[in-house]
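Protein chains in written order, with the numbering used here: chain R, 2 to 402; chain H, 2 to 402. Cβ coordinates follow ideal geometry from the N, Cα and C atoms, glycine included.
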């Protein structure tokens with residue numbers, strides 16, 4: 002019996018409320034030898050108090066040494082095995098701009114590019130055209146008509162756009178048309194299996210019409226499609242855990258990931274204050290809240306240590322407002338580390354604290370990487386945090402008699 | 002997606018250098034209640050400094066409570082699942098004397114033995130004849146001719162020798178001919194599957210000719226064959242990790258294990274100084290160095306606590322010479338524990354330290370079993386140390402977007 006089967010079998014319902022507060026990229030490293038990490042450096046009286054009174058540990062996003070992208074990082078926190086569920090690049094691109102994806106839609110990532118008179122690629126990114134030009138070109142592409150297929154095309158950023166093909170019998174096993182080099186023509190979309198033949202034909206027709214439409218544009222006179230995929234067929238949090246789950250996030254990517262696991266996505270909040278307000282207003286309507294805070298990741302990616310420290314302090318100041326709502330279980334962690342030292346996601350385990358009436362005390366007195374090493378949760382794979390939350394919420398029956 | 006698939010997919014290359022220093026049987030136990038372990042007793046200023054400045058933990062060779070032999074112990078450290086890869090005894094015996102094994106060779110371990118006039122075994126080890134006698138008898142056995150099969154026979158020690166059968170269509174699923182008791186004749190080699198019928202026939206013919214050759218010898222007038230096996234079909238470290246790996250070891254068994262995973266085996270060094278010299282001379286030609294130190298195991302097997310302490314101190318004195326080369330990642334650990342108290346390998350987790358620029362500090366201040374319990378690596382299965390090394394070396398891309 003695996004984790005998902007256990008969850009499906011054992012979950013029960015009650016009136017408890019669970020908050021999963023994901024501070025993206027929370028974990029860090031000292032920026033200089035002998036120093037503290039971003040979290041250790043920040044003044045976090047509220048998180049420290051929670052850590053001292055409850056239970057802490059470190060969350061391993063995937064496996065030791067393996068760095069996750071945002072998709073696998075969040076799937077783990079939602080209790081899914083992030084090594085078993087693959088999210089195609091086209092799907093992530095569509096989620097990243099808040100596009101709704103049905104279970105049979107095929108999404109692809111589009112790139113505008115430049116070709117010469119022989120049709121050979123001269124620039125795979127069309128000189129990184131501005132987003133406004135991308136939006137105008139996407140508007141022109143909306144004239145494309147393919148019988149039996151609804152097309153959704155939206156600009157993303159610079160030369161990138163998202164395309165969704167909606168129709169009967171469309172599958173995602175189609176090769177990229179980007180040859181990854183210049184000096185050759187773009188490739189034809191080729192199906193990797195028989196079921197995806199129709200998608201390949203639809204994509205080919207899309208490209209043929211697009212070529213005509215873009216013919217006189219400069220420099221973006223052609224396009225390529227990559228990462229064809231359906232959304233992964235995963236059971237919802239309702240099915241697995243019996244949870245009515247809601248997602249609160251400023252950035253569309255995270256709302257999209259929440260949508261993949263069947264959460265209700267609350268309207269976009271613009272900042273932490275609005276996110277707290279959304280939590281408060283929807284408190285009675287859901288059992289579980291995924292609450293996403295982006296800026297600990299983006300400041301880490303920028304390598305801006307003082308700014309990441311400030312963002313952690315900003316989050317800490319908002320903790321009392323979450324506690325006022327009296328969640329039965331509050332988890333604070335990140336989907337991965339984003340140390341300023343590395344300016345990128347990393348594999349380092351992420352501090353986690355779990356607050357509930359049923360915590361067994363440990364000797365942690367503040368919330369930080371070194372302290373959490375001595376926490377009662379130990380070093381735990383991220384996918385076990387949700388089962389722990391359900392346990393502490395009284396939402397899991399015992400296994401076996 | 003399992004660990005090997007991940008490694009295959011995610012690895013990338015750069016100019017980083019990784020050193021895996023395996024102090025065989027490093028972990029220990031106090032020899033008397035209240036005392037320190039061998040490592041805790043040894044004076045190890047260089048390892049202590051590394052431990053204090055980097056990250057430590059304990060490596061679980063297989064699973065809690067399970068003691069590994071040298072084969073699985075090292076396969077784990079090389080990143081393979083030691084419970085999934087089986088190395089036949091014949092293969093280990095051949096590797097242990099530096100024999101080269103092709104992927105289709107079948108190796109077996111040979112024992113000289115004594116039989117009476119009725120052909121019944123009276124001594125399964127032929128009175129443990131001296132190695133010189135073994136060598137003389139093996140010389141005589143080289144007269145054996147089997148059409149279509151090349152034979153390689155080499156003495157090992159006392160009554161033991163190694164036999165390699167090289168030819169078309171030879172497979173290793175053949176039963177031992179040692180009945181494990183005396184008073185009965187040796188068994189016929191019997192194939193366990195159809196593909197191995199030919200090997201069984203070749204082995205039977207080998208035994209028939211050997212019986213004639215040994216007929217007038219005393220006490221070794223017969224032989225038995227055990228542990229028929231091909232080398233396990235495992236992907237190389239180059240395939241899995243993109244590493245050009247080299248092995249430096251005094252003892253042939255460890256060079257052989259390194260050969261199994263595709264490492265380049267550097268010429269035999271006779272002591273630690275020569276091993277260091279080999280490391281230095283080959284520094285520019287490889288990405289990864291497996292550096293084996295044997296004597297912490299052999300002194301443990303002897304139950305010689307003071308001598309194991311001395312060997313650890315000897316290793317410690319050589320650490321600065323390794324650091325002078327400025328490895329990007331240095332791991333120091335063992336393949337298993339060999340406590341003098343037990344005079345044998347044991348299941349106890351092995352202290353591990355990982356030194357790299359990207360280590361997250363922990364509170365460990367010296368390198369020893371008790372200190373490592375509080376290390377940032379936690380207690381980690383040995384097979385994850387190589388992924389961690391690759392992560393710290395910047396040789397793994399992130400998983401998913």
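Pairwise C-alpha distance: residue j and residue i
{"i": "residue 4 of chain R", "j": "residue 67 of chain H", "result": "25 Å"}
{"i": "residue 246 of chain R", "j": "residue 397 of chain R", "result": "16 Å"}
{"i": "residue 309 of chain R", "j": "residue 334 of chain R", "result": "15 Å"}
{"i": "residue 336 of chain R", "j": "residue 373 of chain R", "result": "16 Å"}
{"i": "residue 34 of chain H", "j": "residue 22 of chain H", "result": "30 Å"}
{"i": "residue 185 of chain R", "j": "residue 122 of chain R", "result": "6 Å"}
{"i": "residue 86 of chain H", "j": "residue 299 of chain H", "result": "25 Å"}
{"i": "residue 226 of chain R", "j": "residue 390 of chain H", "result": "36 Å"}
{"i": "residue 91 of chain H", "j": "residue 385 of chain H", "result": "28 Å"}
{"i": "residue 148 of chain R", "j": "residue 289 of chain R", "result": "42 Å"}
{"i": "residue 88 of chain R", "j": "residue 338 of chain R", "result": "20 Å"}
{"i": "residue 49 of chain H", "j": "residue 369 of chain H", "result": "8 Å"}
{"i": "residue 133 of chain R", "j": "residue 36 of chain R", "result": "44 Å"}
{"i": "residue 388 of chain H", "j": "residue 400 of chain R", "result": "34 Å"}
{"i": "residue 328 of chain R", "j": "residue 358 of chain R", "result": "10 Å"}
{"i": "residue 190 of chain H", "j": "residue 218 of chain H", "result": "23 Å"}
{"i": "residue 242 of chain R", "j": "residue 118 of chain R", "result": "57 Å"}
{"i": "residue 325 of chain H", "j": "residue 392 of chain R", "result": "51 Å"}
{"i": "residue 83 of chain R", "j": "residue 258 of chain R", "result": "12 Å"}
{"i": "residue 156 of chain R", "j": "residue 138 of chain R", "result": "9 Å"}
{"i": "residue 182 of chain R", "j": "residue 313 of chain H", "result": "54 Å"}
Beta carbon of residue i nearer than 8 Å to that of residue j
{"i": "residue 74 of chain R", "j": "residue 381 of chain R", "result": "no"}
{"i": "residue 330 of chain R", "j": "residue 98 of chain R", "result": "no"}
{"i": "residue 229 of chain R", "j": "residue 25 of chain R", "result": "no"}
{"i": "residue 103 of chain R", "j": "residue 167 of chain R", "result": "yes"}
{"i": "residue 159 of chain H", "j": "residue 110 of chain H", "result": "no"}
{"i": "residue 56 of chain H", "j": "residue 263 of chain H", "result": "no"}
{"i": "residue 249 of chain R", "j": "residue 274 of chain R", "result": "no"}
{"i": "residue 352 of chain R", "j": "residue 28 of chain R", "result": "yes"}
{"i": "residue 39 of chain H", "j": "residue 292 of chain H", "result": "no"}
{"i": "residue 281 of chain R", "j": "residue 261 of chain R", "result": "no"}
{"i": "residue 210 of chain H", "j": "residue 277 of chain H", "result": "no"}
{"i": "residue 221 of chain H", "j": "residue 113 of chain H", "result": "yes"}
{"i": "residue 163 of chain R", "j": "residue 100 of chain R", "result": "yes"}
Cutoff 8 Å: residue i Cβ touching any chain R Cβ
{"i": "residue 389 of chain H", "result": "yes"}
{"i": "residue 364 of chain H", "result": "yes"}
{"i": "residue 165 of chain H", "result": "no"}
{"i": "residue 400 of chain H", "result": "yes"}
{"i": "residue 385 of chain H", "result": "yes"}
Residue-level contact to chain H via CB, residue i, 8 Å cutoff
{"i": "residue 24 of chain R", "result": "no"}
{"i": "residue 68 of chain R", "result": "yes"}
{"i": "residue 1 of chain R", "result": "This structure gives no information on residue 1 of chain R, because the portion of chain R shown stretches from 2 to 402."}
{"i": "residue 5 of chain R", "result": "no"}
{"i": "residue 84 of chain R", "result": "yes"}
{"i": "residue 73 of chain R", "result": "yes"}
{"i": "residue 380 of chain R", "result": "yes"}
{"i": "residue 90 of chain R", "result": "yes"}
{"i": "residue 33 of chain R", "result": "no"}
Residue burial classification, residue i (beta-carbon count within 10 angstroms, cutoff 16)
{"i": "residue 297 of chain R", "result": "buried"}
{"i": "residue 77 of chain H", "result": "buried"}
{"i": "residue 196 of chain H", "result": "exposed"}
{"i": "residue 107 of chain R", "result": "buried"}
{"i": "residue 199 of chain R", "result": "buried"}
{"i": "residue 141 of chain R", "result": "exposed"}
{"i": "residue 350 of chain H", "result": "buried"}
{"i": "residue 94 of chain R", "result": "buried"}
Heavy atom of the ligand GTP within 7 Å of residue i beta-carbon
{"i": "residue 13 of chain R", "result": "In terms of ligand content, the structure shown is empty, and the ligand GTP therefore cannot be addressed."}
Exercise for review: Can you give me, in chain order, the residues of the stretch 50 to 66 of chain R that have a beta carbon less than 7 Å from any beta carbon in chain H?
Suggested key: 63, 64, 65 and 66
Exercise for review: With 7 Å as the limit, tell me which residues of the stretch 119 to 151 of chain R have their beta carbon closer than that to any beta carbon of chain H; keep them in chain order.
Suggested key: none
Check your understanding: According to a CB-to-CB cut-off of less than 9 Å, which residues of the stretch 321 to 346 of chain R neighbour chain H?
Key -> 337, 338, 340, 342, 343, 345 and 346
Practice item. Taking only beta carbons into account, state which residues of the stretch 350 to 364 of chain R come closer than 7 Å to chain H, listed in chain order. Key: none
Review point. Which residues, in order along the stretch 241 to 252 of chain H, keep a beta-carbon less than 8 Å from a beta-carbon of chain R?
Key: none
Review point. Can you list, in chain order, the residues of the stretch 220 to 242 of chain H whose Cβ is nearer than 8 Å to any Cβ on chain R?
Key: none
Exercise for review: With 7 Å as the C-beta to C-beta threshold (strictly closer), list the residues of the stretch 96 to 111 of chain R near chain H in chain order.
Suggested key: none
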